[in-house]
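Asks: One structure, pasted below without further comment.
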Amino acid sequence: MKRRSFTTLALAATVALGAQPALAQDNVFKIGLILPMTGQQATTGRQIEAAARLWMAQNGDTVAGKKVQLIVKDDTSLPDVTRRLAQELVVNDKVNVLAGFGITPSAMAVAPIATQSKTPMVVMAAATSSITEASPYIVRTSFTLPQASVALGDWAPKNGLKRVVTLVSDYGPGIDAERFFRERLLLNGGQVPESLRVPLRNPDFAPFLQKVRDIKPDALFVFVPSGAGAAVMKQFLERGMDKAGIKLIGTGDVTDDDQLNDMGDGAIGVVTSHHYSTYHPSAMNKKFVADFGKANKGMRPNFMAVGGYDGMRVIYDALKASKGQGGGDGLLAAMKGQIFESPRGKIFIDAQTRDIVQNIYLRRVERKEGQLWNVEFDVIKDVKDPGKAR
Ligand code: VNL
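When the count follows the working numbering, it moves up by one through the sequence shown with no breaks and lands on 390 for the last residue.
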């Protein structure tokens, strides 16, 4: 009785004030999706936005009685811009969740805002191990570089690649990749005669590749962020590194499915380790790839798209489970421990670390049905981030 009269009163007041949108606001659930839509990392933004929109097209925009609204902002991959946008989304738009984050510095810039405002922050792209430790409100649906790199440190020496030079982008994920690959290789009796780091912004790979040619290792291990792989591949082949007997290996960022088909047959045989391959042979993935292509003029979803798609699922499932109650903390609690099948295989959000646990696949570039693909040939199941154990 009491409750009903209160509701009636509130309604009457709302109508009297002509403030009907205020009532509607309570039924809106806002996701602030901050991505690099322009600039050097624009492919990452395009992939994740397309995946988020596909998720919503497939699953509707009403969850637990709330209307889901996606607010996409372009941070041009500059962390100061990411921080300002996150602040505006929290303070002015009053978003329920922050999501996206193309590169590590952008994710790091927003972590304190997530903590202060108690807003869950779903990291869909950035992949430095330590990101999830920057705020207790961060949940990750992408991957970590230690997770992807260790598998290759086991595979390489067993396959005759014992002397390996590393070449990485000089920032968080690159430094993680360099360190975890190297440690694992050394543990397996390999050697790293040189570790090279290239700038993140406008890198010129030529002088570094010349150095690698002079050292003439068995292999070159590469990490560059999504979108930069094609440039590495082109210069690697132009300098005849493969003909000189140096094998190219790396995390899957270098043979990014978004660009792979344009890299040419020189890419065939390159072995990488990663958590998602567009060619992954599950029924769920085949449907995901087909639907994504249909909605985006034939574009292939890459590992960024999968991080975005699964991130949306984590948000939807948390909203459903918490029935839209409990604010940021309720939502966060419902994100922890989620387990489900993704287009990449089974994934799990570790409740302790809020980081993703997933399979890591070894893949080789092959031409199949007239196109270049990363074809999986081995799997390491349920890999936790090795960066967390320290
Ligand atoms: C990061 C890691 C970015 C891996 C990437 O592409 C990537 C990052 C934009 O943490 O900054 O492939």
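Positions of the beta carbon are idealized from the N, C-alpha and C atoms, including for glycine.
In this text, all values refer to a predicted model and were calculated from it rather than measured experimentally.
(1) Any heavy atom of the ligand VNL closer than 7 Å to the Cβ of Pro173?
(2) By alpha-carbon positions, which one of Ala64, Ala51 and Leu220 ends up nearest to Ala305?
(3) For Leu161, which of helix, strand or coil comes out of DSSP?
(4) Based on Cα-Cα distance, which residue from Phe303, Thr119 and Met108 lies nearest to Val91?
(5) Per DSSP, which one or two residues make a beta bridge with Leu89?
(6) Distance check for Val97 and Lys30, CA to CA, integer angstroms please.
(7) Touch check for the region 250-265 and the region 214-232: three-plus C-beta pairs under 8 Å?
(8) What is the DSSP secondary structure of Leu260, counted as helix, strand or coil?
(9) Taking the straight line between their C-alpha atoms, what separation do you get for Val95 and Ala219?
(10) Check whether the Cβ atoms of Ile349 and Gln358 lie closer than 8 Å to each other.
(11) Val63 by DSSP, collapsed to three states: which one?
(12) What are the residues that DSSP puts in a beta bridge with Met121?
(13) Go through its chain and collect everything with a Cβ distance to Gly227's Cβ below 8 Å, but skip five positions before and after it.
(14) Taking 6 Å as the limit between beta carbons, can you name the residues of its chain near Ala107, skipping five residues before and five after?
(15) So, at 6 Å on beta carbons, what are the nonlocal neighbours of Val68 in its own chain, with the 5 sequence-adjacent residues on each side left out?
(16) Please report how far the alpha carbon of Gly174 lies from the alpha carbon of Gly65, in whole angstroms.
(17) Candidates Ile380, Ile103, Val212 and Gln87: which alpha carbon is nearest Thr432's?
(18) What distance in whole Å lies between the Cβ atoms of Ile215 and Val168, which are believed to be in contact at a cut-off of 8 Å?
(19) Tell me, to the nearest whole angstrom, how far the beta carbon of Pro392 is from that of Thr272; I am working on the premise that it is less than 8 Å.
(20) Based on Cα-Cα distance, which residue from Gln325, Gly153, Gly326 and Lys388 lies nearest to His274?
(21) Give a yes or no on contact between the region 365-380 and the region 322-339, applying the rule of three or more CB pairs nearer than 8 Å.
(22) Just list the beta strand (DSSP E) runs in the region 182-239, keeping only unbroken ones of 3 residues or longer that don't cross its boundaries, in chain order.
(23) For Val399, which residues from the same chain have a beta carbon less than 8 Å from its beta carbon, with the 5 sequence-adjacent residues on both sides left out?
(24) So for Phe143, helix, strand or coil by DSSP?
(25) According to the neighbour-count rule (16 or more other Cβ atoms, all chains shown, within 10 Å of its Cβ), is Glu178 buried or exposed?
(26) How would you write the range of the beta strand (DSSP E) that Asp310 sits in, first residue to last?
(27) Give the single residue among Met233, Gln371 and Glu341 whose Cα lies nearest to the Cα of Asn261.
(28) Helix, strand or coil for Gly39, going by three-state DSSP, please let me know.
(29) How far does the alpha helix (DSSP H) with Gly293 in it extend, from its first residue to its last?
(30) Which residues mark the beginning and the end of the alpha helix (DSSP H) in which Leu332 is found?
(31) Nearest-angstrom Cα distance between Asn202 and Val232?
(32) Flag this pair as yes or no: are the beta carbons of Ala114 and Ala295 separated by less than 8 Å?
(33) By the 10 Å Cβ neighbour count, where 16 or more other Cβ atoms means buried, how is Gln47 classified, buried or exposed?
(34) For my contact list, Phe288 and Met299 are in at a C-beta cut-off of 8 Å; report their separation, rounded to the angstrom.
(35) Buried or exposed: where does Phe340 fall if 16 or more other Cβ atoms within 10 Å of its Cβ makes it buried?
(36) Could you check if Asn285 is buried or exposed, using at least 16 other CB atoms within 10 Å of its CB as the buried criterion?
Replies: Quick look at the numbers:
(1) Residue mapping note: residue 173 aligns to position 173 of the sequence shown, counting from 1. Flag set: Cβ of Pro173 near the ligand VNL.
(2) For the purposes of this step, residue 305 is identified with residue 305 of the sequence shown, where counting begins at 1. The residue with the shortest Cα to Cα distance from Ala305 is Ala51.
(3) Here the question's residue 161 lines up with position 161 in the sequence shown. It is coil, neither helix nor strand.
(4) Mapped onto the sequence shown, residue 91 falls at position 91. Checked all of Phe303, Thr119 and Met108; the closest Cα to Val91 is Thr119.
(5) Indexing the sequence shown from 1 puts residue 89 at position 89. Its beta-bridge partners do not exist; DSSP assigns none.
(6) Here residue 30 refers to the residue found at position 30 when the sequence shown is read from its first residue. Here residue 97 refers to the residue found at position 97 when the sequence shown is read from its first residue. Between Lys30 and Val97, the C-alpha separation is close to 7 Å.
(7) Output reads yes: the region 214-232 touches the region 250-265.
(8) In the sequence shown, counting from the first residue as 1, residue 260 sits at position 260. Looking at Leu260 - three-state DSSP - the assignment turns out to be helix.
(9) On the sequence shown, residue 95 is found 95 positions in, with the first residue counted as 1. On the sequence shown, residue 219 is found 219 positions in, with the first residue counted as 1. Straight-line Cα distance between these residues: approximately 47 Å.
(10) Here residue 349 refers to the residue found at position 349 when the sequence shown is read from its first residue. Here residue 358 refers to the residue found at position 358 when the sequence shown is read from its first residue. No, Cβ-Cβ distance for Ile349 and Gln358 is not below 8 Å.
(11) Within the sequence shown, the letter at position 63 stands for residue 63. In this structure, Val63 counts as strand in the three-state DSSP scheme.
(12) Working through the sequence shown from its first residue, we reach residue 121 at position 121. Answer is Leu98 and Ile138, bridged to Met121.
(13) Mapped onto the sequence shown, residue 227 falls at position 227. Closer than 8 Å at the Cβ level, and outside the excluded window around Gly227, lie Gln40, Gln41, Ala42, Thr43, Thr44, Asp256, Asp258 and Gln259.
(14) By 1-based counting over the sequence shown, the position of residue 107 is 107. Closer than 6 Å at Cβ, skipping near neighbours: Phe101, Val123, Ala126 and Ile131.
(15) The residue you call residue 68 lines up with position 68 of the sequence shown. For Val68, where only same-chain residues beyond five positions count, the Cβ hits under 6 Å are Phe29 and Asp61.
(16) For this step, residue 174 is matched to residue 174 along the sequence shown. For this step, residue 65 is matched to residue 65 along the sequence shown. Distance between the alpha carbons of Gly174 and Gly65: 43 Å.
(17) Given a span of 1 to 390 for the chain in the structure shown, any question on residue 432 remains unanswerable.
(18) Here the question's residue 168 lines up with position 168 in the sequence shown. Here the question's residue 215 lines up with position 215 in the sequence shown. Actually they are not in contact, since the Cβ atoms of Val168 and Ile215 sit about 16 Å apart, beyond 8 Å.
(19) The requested residue 392 does not occur in the structure, where the chain is confined to residues 1 to 390.
(20) Position 274 of the sequence shown, counted from the start, is the residue given in the question as residue 274. The residue with the shortest Cα to Cα distance from His274 is Gly153.
(21) no
(22) 195-198 and 219-223
(23) Lying before the first or after the last residue shown, residue 399 is absent from the chain, which here runs from 1 to 390.
(24) As a working note, residue 143 is residue 143 in the sequence shown. Coil at Phe143, not helix or strand.
(25) As a first step, residue 178 is located in the sequence shown; it is residue number 178 there, counting from the start. Buried, since its Cβ has 16 or more Cβ neighbours within 10 Å.
(26) The residue given as residue 310 occupies position 310 in the sequence shown. Unbroken run through Asp310 is the alpha helix (DSSP H), Phe303 to Ala321; no beta strand (DSSP E).
(27) Residue 261 sits at position 261 when you count from the first residue of the sequence shown. Asn261 has its Cα closest to that of Gln371, out of Met233, Gln371 and Glu341.
(28) On the sequence shown, residue 39 is found 39 positions in, with the first residue counted as 1. Gly39 carries a coil assignment under DSSP once its states are collapsed to helix, strand and coil.
(29) As a working note, residue 293 is residue 293 in the sequence shown. Ala283 to Ala295 is the span of the alpha helix (DSSP H), which, as asked, contains Gly293.
(30) To locate residue 332, count along the sequence shown from 1; it is residue 332. Per DSSP, Leu332 belongs to the alpha helix (DSSP H) from Gly327 to Met335.
(31) Reading the sequence shown from its first residue, position 202 is the one you call residue 202. Reading the sequence shown from its first residue, position 232 is the one you call residue 232. Whole-angstrom Cα-Cα distance: 12 Å.
(32) Residue numbering aside, residue 114 sits at position 114 when the sequence shown is read from its first letter. Residue numbering aside, residue 295 sits at position 295 when the sequence shown is read from its first letter. Contact flag unset, no.
(33) Counting from one through the sequence shown, the residue named residue 47 turns up at place 47. By the neighbour-count criterion, in which a residue is buried when 16 or more other Cβ atoms sit within 10 angstroms of its Cβ, Gln47 is buried.
(34) Looking up residue 288 in the sequence shown gives position 288. Looking up residue 299 in the sequence shown gives position 299. Not a contact, Cβ separation roughly 12 Å.
(35) As a position in the sequence shown, residue 340 is number 340, starting the count at 1. Exposed, because fewer than 16 other Cβ atoms sit within 10 Å of the Cβ of Phe340.
(36) Within the sequence shown, numbered from 1, the residue matching residue 285 stands at position 285. Classification of Asn285: buried, given that the 10 Å Cβ count is 16 or more.
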